[in-house]
Structures are given as C-alpha cells and as structure tokens.
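The structure appears right after this line, and notes come after that.
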Amino acid sequence: MTPLYSRDQVRGAVAVLRDVTEEVLLDKLRKDFVANVSHELRTPLSMLQGYSEALLDDIPSTPEERVELVQVIHDESLRMGRLVRDLLDLARMEAGHLELYFREVEVDSLIKRMHRKFTVLAKERGITLSAVIPEQPLILEHADEDRLEQVMTNLLDNAFRHTGEGARIAIKAEPAVFKDHPAIRIEVSDEGQGIPPGDLPFIFERFYKADKARTRGSSGGTGLGLAIVKNIVEAHHGSIAAQSTLGQGTTFTLMLPCSPPE
Ligand SMILES: Nc1ncnc2c1ncn2[C@@H]1O[C@H](COP(=O)(O)OP(=O)(O)OP(=O)(O)O)[C@@H](O)[C@H]1O
Ligand SMILES: [Mg+2]
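According to the numbering used here, the sequence shown is numbered sequentially starting from 2.
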C-alpha cells in the first residue's frame with residue numbers, strides 16, 4: 002500500500018491486492034508429500050494384510066469367495082507396484098538423477114506406435130481414436146524415446162479414463178516454433194468430462210486428483226502421472242499445457258524443441 006501525497010498531506014492511498022490462494026494451495030500440496038505417500042502406501046498394504054489374513058483364517062466359505070479375495074490381493078499388489086515405480090521415478094527426477102538416453106527420435110513413428118498400442122482399448126470402450134501426422138518425417142535430434150513414450154502413455158491413459166463411450170480421442174503432431182526455434186507440437190485431445198477451471202492450475206502437482214470422489218480400484222490413479230510427464234518434458238527443454246472445458250473435453254499440448262539449446 003502506498004500513500005498518495007498532495008504537498009504534505011496524504012490524500013489517499015493506492016493498494017494492490019494479489020490473490021495468493023493459488024500459491025498457498027501449491028505450498029500446501031508440496032508439504033503434504035509425506036502424508037500423501039504414506040496414505041497411498043498404507044491403504045493397499047492394509048488391504049493386502051486384511052485379505053490374506055482372512056484367507057489364512059479360512060473365512061471364505063465358498064471357492065468363489067476365495068477367488069474374489071485373491072483377486073483383490075492381486076489387483077492391490079499390482080497397484081502398489083505401479084505406485085512404487087512412479088514414486089521412485091519422480092524422486093529420481095526431482096533430485097535431478099533421472100538418466101535420459103538421448104538420440105534421434107522419429108516422432109511420426111512414435112505416434113503411429115502409440116496409436117497401435119491404444120487401438121484395442123479404444124475398440125473395447127467404443128471410443129474413436131485417431132492420429133494425424135504430416136507427410137514429412139518429424140525428427141527430434143536429441144530425445145529419449147522410451148521416456149517420450151511414457152509421456153504419451155500417461156496422457157492417453159488419462160484421456161481414456163475420463164472419456165465415455167461414443168466420444169473421440171485424437172493425437173496430432175506437427176512442425177512448430179518454440180522460443181524462436183524449430184519444434185514439434187504434439188496434442189492429445191479428448192471429448193471427455195473435462196477438468197474444472199479451479200483444478201486446472203494444480204493437475205501437474207504430484208498427488209493432485211481433480212475428481213476426488215473417484216472410486217479406488219484399477220481405474221483409480223494416484224495423481225503422479227502428470228507430475229512425471231512434466232518432469233520428462235522439461236528435461237527435454239520443452240513445455241506442456243492443458244486446456245479444458247467442463248463437459249466438453251481436454252487438450253494437452255506438448256512443445257518439444259527439435260535440437261537441444263546451445
Ligand atoms: N484428460 C483428462 N480429462 C479429465 N481430467 C483429467 C485428464 N487428465 C488429467 N485429469 C485430471 O488430472 C488429475 C491428475 O492426473 P494424473 O495423471 O497426474 O493423475 P491420475 O491419473 O489421477 O493418477 P496416475 O496417473 O498417477 O495413475 C486426474 O486425477 C484427473 O482428475
Ligand atoms: Mg494419470
């Protein structure tokens with residue numbers, strides 16, 4: 002706040018108000034890291050313990066009930082495996098220890114491969130999956146193909162999770178300019194449920210889930226996918242942004258420079 006003087010007298014004041022809600026929330030999210038990790042690990046662990054104890058105590062009375070319990074143990078152990086892998090990935094990235102194997106990457110063939118990888122799922126879900134790439138090859142001189150595949154897999158996994166039957170998901174790649182240099186723009190867009198505007202600024206934070214009411218189980222994520230995506234994209238000196246309209250769909254736009262900065 003600054004006073005407004007007229008000669009010696011204060012005639013008024015100029016006040017600048019800054020909305021810090023977002024900053025405070027971001028800070029809280031980061032501090033909650035340990036609480037989140039222990040919650041995410043403890044929940045599947047206690048299910049594994051509870052259900053295996055029930056089996057040991059011969060609680061299920063029919064073979065079907067027994068199979069049901071084993072199925073839960075199996076699903077939860079897979080889920081925990083994924084969580085541990087994601088957590089280790091993220092910890093390595095944030096400590097700056099992520100090892101990237103840079104070489105020339107043909108983005109057009111990567112996109113074609115991703116399209117093939119998700120075709121079966123699209124058929125099962127009644128979703129139209131399309132891939133649009135230009136005639137000429139799209140080359141990144143210095144990129145880690147496996148990590149870029151991880152980025153695309155996470156984005157498509159999200160798109161499928163939040164898009165219903167009969168809707169479309171599209172992948173598009175094209176030449177672009179990023180920070181005055183040649184780049185490749187990749188878009189993953191869906192016609193799904195969209196992300197509420199209030200959640201949009203936080204989705205790249207670890208453990209952030211916009212749809213909090215979502216049920217657990219194979220479809221329930223932990224909120225690490227986009228944090229990992231962002232880390233990988235930034236390690237490639239690129240950028241990622243999300244645009245979304247509630248009830249209409251979401252588009253993630255990636256920019257990757259064709260050659261590393263000098
Ligand atoms: N395409 C999308 N449509 C609607 N909401 C999305 C989309 N992509 C991400 N979100 C929202 O952003 C949140 C964060 O996504 P993120 O991939 O980081 O976590 P997750 O999918 O919940 O879990 P994980 O990826 O770790 O299995 C999601 O929980 C979801 O609410
Ligand atoms: Mg995800």
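Glycine is no exception: its CB is placed at the ideal position from the N, C-alpha and C atoms.
DSSP places Arg104 in no alpha helix (DSSP H) but in the uninterrupted beta strand (DSSP E) bounded by Arg104 to Glu107. Counting along the chain, no beta strand (DSSP E) covers Val17, and no H or E run does either. The DSSP-derived three-state label of Gln10 is strand.
Two segments are said to touch when three or more pairs of C-beta atoms, one from each, lie closer than 8 Å; by this definition the region 226-241 touches the region 88-103. Counting only runs of 3 or more residues that sit fully inside the region 162-206, the beta strand (DSSP E) segments are 169-179 and 182-191, in chain order.
In the structure shown, Pro45 adopts helical secondary structure according to DSSP, grouped into three states. Taking the C-beta atoms as reference points, Leu157 is found no nearer than 9 Å to Val121.
CA-to-CA, the gap between Leu201 and Phe179 works out to about 23 Å. Ala123 carries a helical assignment under DSSP once its states are collapsed to helix, strand and coil. With distances taken between CA atoms, Thr246 lies nearest to Pro197 out of Gln50, Ala55 and Pro197.
By DSSP's assignment, Met94 forms no beta bridge with any residue.
Counting only the Cα atoms, Phe253 lies some 22 Å from Gly127.
For Ala228, the enclosing alpha helix (DSSP H) covers residues Gly226 to Ala236. In the displayed model, Met81 falls within a helix according to three-state DSSP.
Looking at the backbone, the Cα of Lys173 and that of Val133 are separated by about 5 Å. Taking C-alpha positions only, Glu69 is separated from Ala242 by approximately 41 Å. Counted as a single uninterrupted DSSP element, the stretch harbouring Pro138 is not any beta strand (DSSP E), since DSSP gives it neither H nor E. Only exposed fits Ala14, as fewer than 16 other CB atoms lie within 10 angstroms of its CB. With respect to the C-alpha of Tyr209, the residue from Leu18, Pro262 and Glu41 having the closest C-alpha is Glu41.
Each of Gly248, Ser131 and Pro183 was checked against the Cα of Leu139, and the nearest Cα belongs to Pro183. Annotation for Gly239: Phe179, Ala184, Leu255, Met256, Leu257 and Pro258 place their beta carbon closer than 8 Å to its own, counting only its chain and skipping 5 residues before and after.
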